[in-house]
Amino acid sequence: MRIAVFGAGYVGLVTGACFAELGHDVAVRDVVAEKIDALRRGEVPIHEEGLEDLLERNRERLRFTTGVDEAIEGAEVVYVAVGTPPTYSGDADLSAVWTVVDELPRVDRRIVFAMKSTVPVGTGRTVRHRLDERGFENVGYVSNPEFTAEGTAVRDFLHPDRIVIGAFDGADADVVERLHAGIDAPVIRCDVASAEMIKLAANAALVTRISFINEIANVCEATGADVLTVAKGIGLDRRIGSSFLRAGIGFGGSCFPKDSLALKQLAANSGYNFQLLNAVIEVNELQKRRVIGKRERRLGTLRGKKVALLGLAFKPGTDDMREAPSLVLAGRLLAVGAHVSAWDPVADGGVLLDGVEIAATALEAVDGADAAVLVTEWPELRDLDWAEAGARMRKKLIVDGRNMLDPVELRALGFEYEGIGRAVE
Ligand code: UGA
C-alpha cells in the first residue's frame, strides 16, 4: 500500500521506516527542509537503535519530501506523527495536527487519515467535524496510537504487545489493519475515543508504577529495607509483574511527563480531579529533588562544591534530553551555588545546561568532585574504572540514582555509596 507520514520526528521516522519494512511505499513529509535534505542524503537526524539500518535497507520504498501534494500522491493512508507538546496550561498543543488537517488537499478517492500523535480524548471527533466542514466525507479517520519506547522503538513497532485501531467506520479500520499484515499481535478494534484513552491510560499506568516504587523506595530508606529485593519479591506475583518497578530519580522523556499532565488536564477540563495522577506527578517532581537534599545532608552546603552528573539523557540508548531528570538536578545544584560538571556518551544538553561544564569523559567529569550522581544507567558507567574515578575525586561520595552499581564493590573501593531505596551503611 501507499502511505504518507506527516512528521519526521522519532515517531514519524520509525512509523515510516517500519511500514516500508513491511513492504509498503512510504512518503515521509516534514516542514523542516534541512531535515528532509539530510534524510535524502541518508543521514538519520536522531539516535535510535536499528533505525538507520531500516531506512537504508528500505531506501527504494521510502521518499522524503517537504511537499504536501507530493506526499499525498497516490496514498491510501495519511499518518499524522507531528509533535503535541504541552502548552502553559498543561493541555496538549494540537496546532501542528490542525495544520496537517487544514493542509490536506482534496482527493477524488477514499483515503484514511490515521492519528499516530498522542492527542487528548475527543480529538478524533473534532478532526472528524473539521473534515466534514471541509466537505471531506471521502476521508476516513482512525486513531492508531503508538506504544514504542525510545531506544527500542523499531522492535516495539514490529513486535508490539497489541495494535489499537479506533475508527468511526469499520472499512477504515480494515484498511489500517491490513497495513499491519505481517505483524503478529492482538488487534483491538474500538471506537475512536477509547483508542485515544488507551494510549493515555497505558502511559498513566506505567508512571503510576514508577512513582509507586519510588515511594516504596523512600519508605525503604526510612525503614532499612532494600527496594531491589522488595521489587523482586512483589514482581514475582503474576498479578503484579516485574516491569516498571525500577526505583530511581524519577521518570522523564518526551512522553511520560507530557502525557500524564495532558491526562490530568483533560480530566480537570471535564470537571474531574484525577487525584491519583496528581500524586504520581508530584511524587516524580519530589523524587528528582530528593537527591539534592541527600547531598546536602552529607556535605553541608553545596555552595562552591563540585558535583558531577554522570549521564544526562532521560534514559540510556537515546540522546533525548526532553524532561530529563538531569535538567532539574543541574538547575537545583546551580541554584544552590554548586559547581556542576557532567558527562553523557551521546546527549550534550546544549543551551539547556547553561552553566554546566560538559566533560569529554566520565573520569574528567568526576575530577576533583565532592560528589557524583549517576543519573542515567548507561552501560559505560557500569564498566567505568571506579577505582580510578575514586582516586580523582576530592570526596568519594556517590549517589547511584538508578541503582545500577554494586554497593559492595564501591564500598570496598572506599566510596560512600548511596542508592535509591537501599540501606545506607
Ligand atoms: C514511554 C513508554 O514506555 C512507551 O510505551 C510509550 O509509547 C512512549 O512512552 C510514548 O508515549 O511515546 P519512553 O518515554 O521512550 O517510552 O521511555 P521508557 O523506557 O518508558 O522510560 C521513561 C522514563 O521512565 C525514563 O526516564 C526511565 O528512566 C523511567 N523509568 C522507567 C523508571 O524510572 N523506572 C522504571 O521502572 C521504568
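Quick note: to get the numbering used here, add 24 to the position in the sequence shown (first position is 1).
Note that beta-carbon positions come from the ideal geometry of N, C-alpha and C, so glycine has one too.
- If you check the CB distance, A348 and S365 do not come in under 8 Å.
- The beta carbon of P129 sits closer than 8 Å to the beta carbons of V92, D93 and I96 from its chain, once the five residues preceding and following it are set aside; these are given in chain order.
- Taking A286 as reference, the option from T147, R202 and A32 with the minimal CA-CA separation is T147.
- Between M25 and L203, the C-beta spacing is below 8 Å.
- Secondary-structure assignment with DSSP links Y103 through a beta bridge to V29 and A138.
- Of the other Cβ atoms in all chains shown, 16 or more fall within 10 Å of the Cβ of Q311; this residue is therefore buried.
- Using a 10 angstroms sphere on the CB of V52, the tally of other CB atoms reaches 16 or more, which defines it as buried.
- Counting along the chain, the unbroken alpha helix (DSSP H) around G259 starts and ends at V251 to G259.
- DSSP places W402 in no alpha helix (DSSP H); its state is neither H nor E.
- Setting aside the 5 residues that flank it on each side, N162 is surrounded in the same chain by V131, D132, R133, R134 and I135, each with a C-beta closer than 8 Å to its C-beta; the list follows chain order.
- The beta strand (DSSP E) runs lying completely inside the region 277-337 and spanning 3 residues or more are 330-334, given in chain order.
- Under the DSSP assignment, Y112 falls outside any alpha helix (DSSP H); it carries neither an H nor an E label.
- Listed as beta-bridge partners of C214 by DSSP are G190.
- Note that the region 402-410 touches the region 419-434; at least 3 beta-carbon pairs, one per stretch, sit closer than 8 Å.
- With contacts defined by Cβ atoms closer than 8 Å, V124 and F30 form a contacting pair.
- Looking at the DSSP output, L86 shares a beta bridge with V50.
- Note on geometry: alpha-carbon atoms of V375 and I382 lie some 11 Å from one another.
- Taking all protein chains in view, the Cβ of E45 is crowded by 16 or more other Cβ atoms within 10 Å, so the residue is classified as buried.
- Taking 7 Å as the cut-off, one finds no heavy atom of the ligand UGA near enough to the beta carbon of T123.
- Residue D283 holds the alpha-carbon nearest to the alpha-carbon of A226 among D283, R263 and G206.
- The shortest CA-to-CA distance from L252 to any of R179, A246, D378 and I240 is the one to I240.
- Per the coordinates, the alpha-carbon of A413 lies some 18 Å from the alpha-carbon of H363.
- Just so you know, the alpha carbons of Y103 and S267 end up roughly 30 Å apart.
- Boundaries for A384: no beta strand (DSSP E) harbours it, and the DSSP string shows neither H nor E there.
- With a threshold of 16 other beta carbon atoms within 10 Å, D156 falls short and is exposed.
- In this structure, the beta-carbon distance from F137 to Y112 does not fall below 8 Å.
- The alpha carbon of V397 has as its nearest neighbour, out of D198, I444, E76 and D372, the alpha carbon of I444.
- Between the region 35-49 and the region 197-216 there are three or more C-beta pairs closer than 8 Å, enough to call the two in contact.
- Our two residues, P210 and A229, have alpha carbons roughly 20 Å apart in a direct line.
- Secondary structure at I422: strand, using DSSP grouped into helix, strand and coil.
- Rounded to the nearest whole angstrom, the CA to CA distance from N308 to V331 is 22 Å.
- In the displayed model, E433 falls within a helix according to three-state DSSP.
- In terms of Cβ geometry, R327 and V360 form a close pair [threshold 8 Å].
- V101 and V199 do touch by the CB rule: their CB atoms are close to 6 Å apart, below 8 Å.
- By the neighbour-count criterion, in which a residue is buried when 16 or more other Cβ atoms sit within 10 angstroms of its Cβ, G66 is exposed.
- Of the candidates L358, K329 and T400, K329 places its Cα closest to the Cα of M417.
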